[in-house]
Amino acid sequence: MSTNMTNFRKEYQYDHLSEENAGADPFALFERWLQLAGESAIHEPNAMALATATPNGRPSIRMVLLKGVDRTGFTFFTNYHSHKGRELAINPFASLLFWWEPLERQVRIEGAIEKLPAAVSDEYYYSRPLGSRLGAWVSQQSKVIPNRAVLDTRLGELQAEYRDKHPDRPPFWGGYRLVPEQFEFWQGGVNRLHDRLRYCRQPDAAWLRERLAP
Ligand SMILES: Cc1cc2nc3c(=O)[nH]c(=O)nc-3n(C[C@H](O)[C@H](O)[C@H](O)COP(=O)(O)O)c2cc1C
341 MSTNMTNFRK EYQYDHLSEE NAGADPFALF ERWLQLAGES AIHEPNAMAL ATATPNGRPS
401 IRMVLLKGVD RTGFTFFTNY HSHKGRELAI NPFASLLFWW EPLERQVRIE GAIEKLPAAV
461 SDEYYYSRPL GSRLGAWVSQ QSKVIPNRAV LDTRLGELQA EYRDKHPDRP PFWGGYRLVP
521 EQFEFWQGGV NRLHDRLRYC RQPDAAWLRE RLAP
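Counted from 1, the sequence shown has number 384 at position 44 by this note's numbering; the numbering is strictly sequential.
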């Protein structure tokens with residue numbers, strides 16, 4: 341490997357994050373930043389890295405799409421039998437990370453994970469295009485498969501079977517909600533003196549805001 345990483349060095353200069361602009365409510369700040377990310381050239385501003393871990397602390401990470409956020413938490417959908425699903429079943433804590441490069445902004449969120457009620461997973465599943473609904477049935481996500489053809493063959497079979505009817509939601513596919521205990525908002529700064537504001541949920545449900553060294 342010979343790629344010279346010094347060629348990638350960039351200065352950050354887009355903005356500052358002051359306590360005054362950030363405000364007291366991390367959900368409101370997140371929604372403002374997500375909105376701005378959506379108005380920028382970012383292809384999928386709702387794409388986020390999801391980190392999970394085994395109970396003995398071996399982490400794993402992958403991208404998923406944020407499908408909803410409100411004061412109850414951050415929701416995403418996946419296969420409950422996948423690698424992440426198996427980790428979350430025994431260690432229901434996770435971390436989310438957004439990187440909105442044109443805005444030089446990173447957001448980290450940590451908290452406990454709960455499964456969405458079946459009715460909520462149904463609502464989202466039935467809103468998806470038929471191909472995606474069948475795809476959820478086809479893929480035993482994270483399992484080893486012999487080749488690509490098994491997926492295409494199975495999809496073809498299901499497309500024929502479901503030409504005139506709707507598939508039910510697979511019992512192994514649905515949503516999770518991450519209930520935040522902590523947020524950190526990062527705004528890139530000149531000379532690597534970035535702004536970092538952390539919000540920790542207090543026992544009375546108020547948010548403690550603190551500035552962290554970059
Ligand atoms: C931008 C992007 C968005 C993705 N969104 C999802 C998603 O919402 N749900 C999902 O299960 N996998 C999604 N994936 C695929 C996952 O990154 C991952 O490959 C898959 O969930 C299996 O992960 P696991 O084996 O760790 O469980 C996405 C991948 C990318 C690159």
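Don't be surprised by glycine CBs; every beta carbon is placed ideally from N, CA and C.
Fair warning: this is a prediction, and the values are worked out from it, not measured in the lab.
When the options are compared against residue i, the one with the closest alpha-carbon
i	options	result
Pro-366	Val-447, Gln-480, Ala-489 and Asp-504	Val-447
Arg-349	Val-530, Arg-398, Arg-538 and Trp-547	Val-530
Ala-545	Gly-496, Ile-401, Trp-439 and Pro-520	Pro-520
Arg-426	Ser-461, Tyr-516, Arg-538 and Arg-551	Tyr-516
Leu-537	Phe-370, Ser-342 and Asn-386	Phe-370
Glu-497	Val-484, Trp-477 and Asn-487	Trp-477
Trp-526	Trp-440, Pro-432, Glu-450 and Asn-431	Trp-440
Ser-482	Pro-543, Ile-382, Arg-445 and Ser-422	Ser-422
Gly-451	Ser-472, Ala-458, Ala-434 and Leu-443	Ala-434
Ser-400	Leu-533, Asn-431 and Gln-375	Asn-431
Glu-351	Glu-444, Val-409 and Pro-543	Glu-444
Val-460	Gly-408, Ser-358 and Pro-543	Gly-408
Ile-382	Asn-344, Thr-343 and Phe-438	Phe-438
Ala-368	Pro-543, Arg-551 and Tyr-539	Tyr-539
Leu-374	Arg-532, Asp-462, Leu-406 and Thr-493	Leu-406
Nearest-angstrom Cα separation, counted from residue j out to residue i
i	j	result
Lys-424	Trp-513	12 Å
Arg-509	Arg-549	41 Å
Pro-395	Ala-429	10 Å
Ser-479	Pro-511	13 Å
Glu-379	Arg-372	11 Å
Glu-454	Ala-387	20 Å
Ala-377	Glu-384	9 Å
Met-491	Val-484	A quick correction: the sequence has Leu, not Met, at residue 491. Approximately 12 Å between the Cα atoms of the pair.
Asn-347	Ala-553	26 Å
Gly-471	Tyr-420	19 Å
Asp-560	His-534	The shown model of the chain, from 341 to 554, leaves out residue 560, and the question about it has no answer.
Arg-541	Asn-487	46 Å
Gly-528	Pro-442	11 Å
Gly-475	Leu-495	7 Å
Gln-522	Trp-547	9 Å
Rounded distance between the beta-carbons of residue j and residue i, thought under 8 Å
i	j	result
Thr-418	Val-404	6 Å
Leu-436	Leu-390	6 Å
Arg-473	Tyr-465	6 Å
Ile-449	Leu-518	7 Å
Residue i - partner residues in DSSP beta bridges
i	result
Glu-450	Ser-435 and Gln-522
Ala-391	Ile-401 and Ser-435
Arg-517	Thr-415 and Glu-454
Trp-547	Arg-541
Arg-445	Trp-440 and Gln-527
Val-409	Phe-414
Asp-535	Gln-527
Touching by the beta-carbon criterion (3+ pairs, under 8 Å), the segment 498-507 and the segment 398-415: no
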